[in-house]
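Notes to accompany the following structure.
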Amino acid sequence: MEKSESAAPPAVPPVTPSLSAEEILKTLYEVALNGILILRPLLEAETDVVADFIIEYANPEGQRIIGVPERPGFTIISRFPHLQHNGVLDFYRRVFMSGGAERMEVHYQNDGLDNLFQLSAKRCGDLLVVNFNDVPLAADSSQKKTGPSESGVADASLRAELNLQIRQLYNIYMQTPALICIFEGPEHVFKLVNPAYQQLVGDRPIMGKPIAEAMPELEGQPIFDLLDQVYQTGQPFQAHEMMVQLDHANNGELGQNYYDFIYQATRNLDGEIDGVLVFAYEVTAQVQARKLLEDSHKEVRELNRQLETRVAQRTEDLSRAQAEAERQRRRLERLFMQAPAAICILSGPQLVYELVNPGYQQLFPERRLLGRPILEALPEIEHNLAYATFRKVYETGITHQENALLIPFVHPDSGQLVDRYFTFIQQARINEQGQIDGVLVFAFEVTTEAAARKAVEASARQLKLLTDSLPVLIGYLDKEEKYRFANKAYKAWFNQDPEQLLGRPVREVVGEKAYSGVKQYINRALAGEELAFEAKMPYREGFTKYIRTNYVPDMQMGEVAGFYTLVLDITEQTEAQQAVEASEQQAQALALELATANEDLLRTNQQLTRTNSDLDNFIYAASHDLKAPISNIEGLLRLMERSLTKEGPLSAQVAQVTGLMQESVERFKRTIINLTEVVKLQKESNQLQAPVTLGSVVQDVLKDLQPLIEEAGAQVELQIADCPPINFSEKNLRSVIYNLLSNALKYRSPERSPLLRLGCAETGQWVIITVRDNGLGMRFTDQSKLFGMFSRLHDHVEGSGIGLYMVKKMLENAGGKIEVESRLDEGSTFTVYFRK
1 MEKSESAAPP AVPPVTPSLS AEEILKTLYE VALNGILILR PLLEAETDVV ADFIIEYANP
61 EGQRIIGVPE RPGFTIISRF PHLQHNGVLD FYRRVFMSGG AERMEVHYQN DGLDNLFQLS
121 AKRCGDLLVV NFNDVPLAAD SSQKKTGPSE SGVADASLRA ELNLQIRQLY NIYMQTPALI
181 CIFEGPEHVF KLVNPAYQQL VGDRPIMGKP IAEAMPELEG QPIFDLLDQV YQTGQPFQAH
241 EMMVQLDHAN NGELGQNYYD FIYQATRNLD GEIDGVLVFA YEVTAQVQAR KLLEDSHKEV
301 RELNRQLETR VAQRTEDLSR AQAEAERQRR RLERLFMQAP AAICILSGPQ LVYELVNPGY
361 QQLFPERRLL GRPILEALPE IEHNLAYATF RKVYETGITH QENALLIPFV HPDSGQLVDR
421 YFTFIQQARI NEQGQIDGVL VFAFEVTTEA AARKAVEASA RQLKLLTDSL PVLIGYLDKE
481 EKYRFANKAY KAWFNQDPEQ LLGRPVREVV GEKAYSGVKQ YINRALAGEE LAFEAKMPYR
541 EGFTKYIRTN YVPDMQMGEV AGFYTLVLDI TEQTEAQQAV EASEQQAQAL ALELATANED
601 LLRTNQQLTR TNSDLDNFIY AASHDLKAPI SNIEGLLRLM ERSLTKEGPL SAQVAQVTGL
661 MQESVERFKR TIINLTEVVK LQKESNQLQA PVTLGSVVQD VLKDLQPLIE EAGAQVELQI
721 ADCPPINFSE KNLRSVIYNL LSNALKYRSP ERSPLLRLGC AETGQWVIIT VRDNGLGMRF
781 TDQSKLFGMF SRLHDHVEGS GIGLYMVKKM LENAGGKIEV ESRLDEGSTF TVYFRK
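Residue 1 is where the sequence shown starts when you use UniProt numbering, and the numbers rise one by one after that.
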């Protein structure tokens with residue numbers, strides 16, 4: 001035989017001269033057939049008790065078994081919360097504190113796992129090292145020991161597939177927008193809670209707690225008994241629009257929310273009941289919409305009953321409309337009550353139906369959905385917003401929600417497009433690699449809700465149109481005496497849009513005085529009494545109404561919910577009646593009073609004539625008789641000055657005294673002149689009046705005052721172009737204008753440049769001239785003192801105090817008047833009234 005050549009042995013790779021223990025240990029971790037975890041204890045701040053462990057490292061086999069990354073960085077309780085209840089956390093604590101090595105076997109059926117785990121742990125410095133493997137529950141122990149290697153491979157493949165399916169189901173639970181949880185044991189301990197369910201109570205911790213402890217506010221509600229019933233009998237329970245009151249914000253306030261839900265018993269491998277599965281979704285919006293529709297129709301019917309006497313011509317049409325609305329309401333309610341919830345899962349970029357629940361299939365009973373792309377099954381949505389959002393969610397992973405979206409679908413019988421409305425949430429499904437591989441949809445049809453909302457809006461528009469067209473105030477007050485409805489007529493009375501009155505107490509709206517007048521009637525109406533009354537209503541200063549009112553209680557289930565109020569304005573009729581009654585009483589008294597008054601007036605006029613004549617004679621005589629003495633005093637003063645100057649220059653004191661004496665003489669002479677002017681004014685009271693042009697008089701006065709205007713740096717603004725002729729003495733008009741303008745210049749403020757505004761206006765029986773300045777202003781409480789003879793409010797400016805007195809006399813002699821408004825250090829406004 002020929003000698004065969006032996007195959008050359010494989011080449012030996014070059015040997016690394018030295019490997020560190022760390023590199024060898026890392027390689028050992030990577031090829032280990034068991035899972036290895038390195039945990040770091042997390043201590044409580046004050047007690048140094050181990051509260052949790054942080055997963056610092058997981059080898060490849062450990063990553064595969066429990067589904068974590070190599071360097072997780074999170075705590076074991078945050079990822080596997082049920083370790084607190086099955087003894088594993090206590091096992092880790094005990095081993096870490098003792099420092100020895102211990103083993104444990106545990107059956108773990110939570111958090112996406114369902115395996116028998118064999119654990120071995122030992123403390124290493126400040127770390128805890130855990131070695132573990134998993135044994136599938138379905139494995140045949142005898143085969144595992146003696147069977148061929150092919151069986152072990154098959155078991156491992158089966159175990160991996162089973163774990164993958166469990167994790168996928170767990171991810172679906174966690175991603176669905178429906179409310180899902182799983183209770184364990186007769187105490188109903190929270191074993192699984194998806195994010196949507198957790199949002200019911202915010203950040204309140206409930207995982208691992210019995211429901212009675214986690215949600216104590218449910219005590220007294222049916223929930224605990226229903227869970228016990230399902231757990232004990234195994235019979236599922238389905239609720240429709242059940243109110244469940246939870247403390248959603250954890251602030252002690254219970255919500256008023258409605259839910260559709262199913263309680264389904266769960267069983268272990270032996271077929272025994274070990275818990276309850278909950279699947280729920282909130283339907284508060286639908287319930288509120290239906291109640292709103294019912295309340296709206298009830299309000300329309302009740303108000304129509306009260307108005308039928310005032311709007312008889314519309315009663316028949318309104319009754320037919322009301323009956324039709326009620327029929328529509330019942331039909332919409334039946335459709336609304338039958339609206340099912342719907343869940344589906346769409347897979348891949350073509351969005352193929354992977355899962356369709358019965359509720360979703362019932363939306364399209366005539367169509368085959370499962371296994372078909374969405375556009376093939378529902379071609380109508382291709383150009384609808386719904387399909388665009390499907391694509392966006394699949395491509396971006398951003399969750400999208402729509403409320404009452406219109407999607408027309410072809411009717412299976414007529415072949416015509418029919419409008420349907422849907423509320424839905426689209427959420428991306430994430431696979432084990434963190435990639436989007438589908439879209440999860442949670443939806444329900446709200447076509448009936450949309451129709452109900454339109455009916456409510458139509459009823460509201462009809463009610464508003466009807467009540468706004470009536471010339472009466474129509475409103476509705478609740479038990480708290482707050483407005484819940486007010487028609488358009490309220491705006492004219494209260495200067496507010498009716499919408500602004502809603503929610504406000506009637507006491508605040510009508511005012512305290514008016515409210516006190518009708519409070520007794522309000523109490524009777526809220527006690528259930530229908531009544532009518534008339535009252536005087538002083539709503540506010542200058543606005544009082546006489547009203548005829550009807551109060552009609554709103555009875556609901558035997559109790560008063562509020563009352564309707566219809567208010568008719570009878571002010572004109574009442575005041576006319578009062579005027580007639582008053583005139584009859586006053587007519588006789590007036591005749592007697594007029595006769596007596598005429599006699600008194602005649603005597604008074606005679607007395608005034610004599611008094612004025614005596615006063616004029618006295619003033620004239622006094623001024624005439626005083627001229628000679630004051631002239632003598634002035635002459636003697638000058639003679640004394642000449643005599644003193646002959647003896648030499650006057651001393652400063654003597655010069656000052658003689659100066660003061662001369663000033664006193666001059667003031668006395670001016671007073672005599674003013675008294676003479678007053679007498680002349682009295683005698684000229686009947687001076688002929690004629691139409692005078694204001695503009696020409698003002699220009700003459702401004703020429704006379706020009707030096708004073710320039711000295712003061714004053715600005716004069718005239719607004720008299722449209723002033724009509726004034727029926728007055730031209731000489732006296734000039735005196736009035738001169739006095740007012742010269743006073744404004746004399747009493748100017750040193751803090752600002754003088755600004756004088758002279759204006760003219762016409763109203764009723766008057767032509768009005770105003771003179772406004774920004775001068776010193778005045779502070780006074782009695783205008784009559786300002787216009788008194790020799791009255792002065794500023795002593796630092798030279799004057800006699802008789803100018804305004806003469807102005808007032810001239811105006812009153814002609815049937816006019818003068819008024820003043822002034823603020824200290826801001827200026828004054830004089831208003832002069834001339835009769836037309």
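All residues carry an ideal CB built from backbone N, CA and C; glycine is no exception.
- For F830, which residues from the same chain have a beta carbon less than 6 Å from its beta carbon, with the 5 sequence-adjacent residues on both sides left out? Taking the first residue of the sequence shown as position 1, residue 830 is located at position 830. Answer for F830: L740, V771 and V820, listed in chain order.
- Message: Is the separation between the beta-carbon of F117 and that of Y92 shorter than 7 Å?
- Response: By 1-based counting over the sequence shown, the position of residue 117 is 117. By 1-based counting over the sequence shown, the position of residue 92 is 92. No, the pair does not count as a contact, with Cβ atoms beyond the cut-off.
- Between F96 and A58, what straight-line distance do the alpha-carbon atoms span, to the nearest angstrom? Along the sequence shown, read from residue 1 onward, the residue named residue 96 stands at position 96. Along the sequence shown, read from residue 1 onward, the residue named residue 58 stands at position 58. About 18 Å.
- Message: According to DSSP, is M778 part of a helix, a strand, or is it coil?
- Response: One-based indexing of the sequence shown puts residue 778 at position 778. The answer is coil: DSSP assigns M778 none of H, G, I, E or B.
- Message: Could you compute how far the alpha carbon of F364 sits from the alpha carbon of A443?
- Response: Residue numbering aside, residue 364 sits at position 364 when the sequence shown is read from its first letter. Residue numbering aside, residue 443 sits at position 443 when the sequence shown is read from its first letter. For F364 and A443, the distance between alpha carbons rounds to 13 Å.
- Task: Report yes or no: do the region 166-177 and the region 258-265 share at least 3 C-beta pairs separated by less than 8 Å?
- Result: no
- Query: If we ignore side chains and look at the alpha-carbon of each, how far apart do Q361 and A342 end up?
  - Reply: For the purposes of this step, residue 361 is identified with residue 361 of the sequence shown, where counting begins at 1. For the purposes of this step, residue 342 is identified with residue 342 of the sequence shown, where counting begins at 1. Approximately 8 Å, taken between the alpha carbons.
- Three-way DSSP call (helix, strand, coil) for K488 in this model: Here residue 488 is taken as the residue at index 488 of the sequence shown, counted from 1. DSSP places K488 in coil when its eight states are reduced to three.
- Item | Assumed close pair L526, F485 - CB separation to whole angstroms, cut-off 8 Å | For the purposes of this step, residue 526 is identified with residue 526 of the sequence shown, where counting begins at 1. For the purposes of this step, residue 485 is identified with residue 485 of the sequence shown, where counting begins at 1. So it is not a contact: roughly 16 Å between Cβ atoms.
- Message: If you reduce the DSSP assignment to three classes, tell me which class P379 lands in.
- Response: Counting from one through the sequence shown, the residue named residue 379 turns up at place 379. DSSP places P379 within a helical segment (H, G or I) once states are collapsed to three.
- Query: Going by other Cβ atoms of all chains shown within 10 Å of its Cβ, with 16 needed for buried, is F543 buried or exposed?
  - Reply: The count along the sequence shown starts at 1 and reaches residue 543 at position 543. Under this definition F543 is an exposed residue.
- Task: Find out if the Cβ-Cβ distance for the pair D134, N115 is shorter than 7 Å.
- Result: Along the sequence shown, one-based indexing puts residue 134 at 134. Along the sequence shown, one-based indexing puts residue 115 at 115. Yes, the Cβ-Cβ distance between D134 and N115 is below 7 Å.
- For L292, does the three-state DSSP call read helix, strand or coil? Start at 1 with the first residue of the sequence shown, and residue 292 comes out as number 292. DSSP places L292 in helix when its eight states are reduced to three.
- For my contact list, E730 and V697 are in at a C-beta cut-off of 8 Å; report their separation, rounded to the angstrom. Numbered from 1 along the sequence shown, position 730 holds the residue referred to as residue 730. Numbered from 1 along the sequence shown, position 697 holds the residue referred to as residue 697. The Cβ separation is near 7 Å, so the contact holds.
- Sort G112, L473 and E480 by Cα distance to F494 and report the nearest one. Counting from one through the sequence shown, the residue named residue 494 turns up at place 494. For the residues G112, L473 and E480, the minimum Cα distance to F494 belongs to L473.
- Query: Can we say the region 536-552 touches the region 441-455, given the rule of at least three CB pairs closer than 8 Å?
  - Reply: no
- Task: Taking the CB atoms as reference points, tell me whether P210 and H188 lie closer together than 7 Å.
- Result: Here residue 210 corresponds to residue number 210 of the sequence shown, with the count starting at 1. Here residue 188 corresponds to residue number 188 of the sequence shown, with the count starting at 1. Yes.
- Task: Give me whichever residues DSSP pairs with D134 in a beta bridge.
- Result: On the sequence shown, position 134 is the one that residue 134 refers to. F117.
- Item | Option nearest H107 by Cα separation, candidates A249, L119 and F74 | On the sequence shown, position 107 is the one that residue 107 refers to. The shortest C-alpha to C-alpha distance from H107 to any of A249, L119 and F74 is the one to L119.
- Could you tell me if A386 is buried or exposed, where buried requires 16 or more neighbouring beta carbons within 10 angstroms of its beta carbon? Looking up residue 386 in the sequence shown gives position 386. Of the residues assessed, A386 falls on the buried side of the cut-off, its CB having 16 or more other CB atoms within 10 angstroms.
- Answer yes or no: do P60 and E30 have a C-beta to C-beta separation smaller than 7 Å? Looking up residue 60 in the sequence shown gives position 60. Looking up residue 30 in the sequence shown gives position 30. Against a cut-off of 7 Å, the Cβ pair of E30 and P60 comes out as a contact.
- Item | Residues bridged to E512 [DSSP beta-bridge criterion] | Within the sequence shown, the letter at position 512 stands for residue 512. None, per the DSSP bridge assignment.
- Check whether A377 and R367 have beta carbons under 7 Å apart: Working through the sequence shown from its first residue, we reach residue 377 at position 377. Working through the sequence shown from its first residue, we reach residue 367 at position 367. Going by C-beta atoms, A377 is nearer than 7 Å to R367.
- Message: Output needed for R123: all residues of its chain with C-beta closer than 7 Å, excluding positions within five of it in sequence on either side, in chain order.
- Response: For the purposes of this step, residue 123 is taken as the residue at position 123 of the sequence shown. Excluding positions up to five away in sequence, the list reads V95, F96 and G99.
- Message: Check this for me: beta carbons of L824 and R779, under 7 Å apart or not?
- Response: Within the sequence shown, residue 824 is the residue found at index 824, counting from 1. Within the sequence shown, residue 779 is the residue found at index 779, counting from 1. The answer is yes: Cβ separation under 7 Å.
- Please confirm whether residue 838 and L179 have their CB atoms less than 7 Å apart. Residue 838 cannot be examined here, being either before or after the span of the chain that is shown, 1 to 836.
- Query: CA-CA distance, L756 and Y738?
  - Reply: Working through the sequence shown from its first residue, we reach residue 756 at position 756. Working through the sequence shown from its first residue, we reach residue 738 at position 738. So the two alpha carbons sit approximately 13 Å from each other.
- Item | N257 - DSSP class collapsed to helix/strand/coil | What you label residue 257 is simply residue 257 of the sequence shown in a count that begins at 1. Correct three-state label for N257: strand.
- Does the beta-carbon distance from E56 to I38 come in below 7 Å? Along the sequence shown, read from residue 1 onward, the residue named residue 56 stands at position 56. Along the sequence shown, read from residue 1 onward, the residue named residue 38 stands at position 38. Yes; because the gap between Cβ atoms is below 7 Å, this pair is in contact.
- Under 7 Å between C-beta atoms of residue 899 and T423: Since the first residue shown for the chain is 1 and the last is 836, residue 899 is missing from the structure and cannot be characterised.
- Query: Alpha carbon to alpha carbon, what distance is there between K298 and Q306?
  - Reply: On the sequence shown, residue 306 is found 306 positions in, with the first residue counted as 1. On the sequence shown, residue 298 is found 298 positions in, with the first residue counted as 1. Straight-line Cα distance between these residues: approximately 13 Å.
- Relative to the alpha-carbon of R752, which residue among E541, G827 and L694 has its alpha-carbon at the smallest distance? Position 752 of the sequence shown, counting from 1, holds the residue named residue 752. Out of E541, G827 and L694, G827 has the C-alpha closest to the C-alpha of R752.
- Report the residue ranges of all alpha helix (DSSP H) runs contained in full by the region 29-85; include only those spanning at least 4 residues, in chain order. 60-66 and 76-79
- Roughly how far, in whole angstroms, is the beta-carbon of T447 from the beta-carbon of Y476, given that I think they are within contact range, below 8 Å? For this step, residue 447 is matched to residue 447 along the sequence shown. For this step, residue 476 is matched to residue 476 along the sequence shown. Not quite, the Cβ-Cβ distance comes to about 31 Å (not below 8 Å), so this is no contact.
- So what does DSSP say about G438, is it helix, strand or coil? As a working mapping, residue 438 is identified with position 438 in the sequence shown. DSSP places G438 in the strand class (E or B) of the three-state scheme.
- Nearest CA to the CA of Y546: which residue from E530, V552, M555 and Q578? Numbered from its first residue, the sequence shown carries residue 546 at position 546. Checking every option, the nearest Cα to that of Y546 belongs to Q578.
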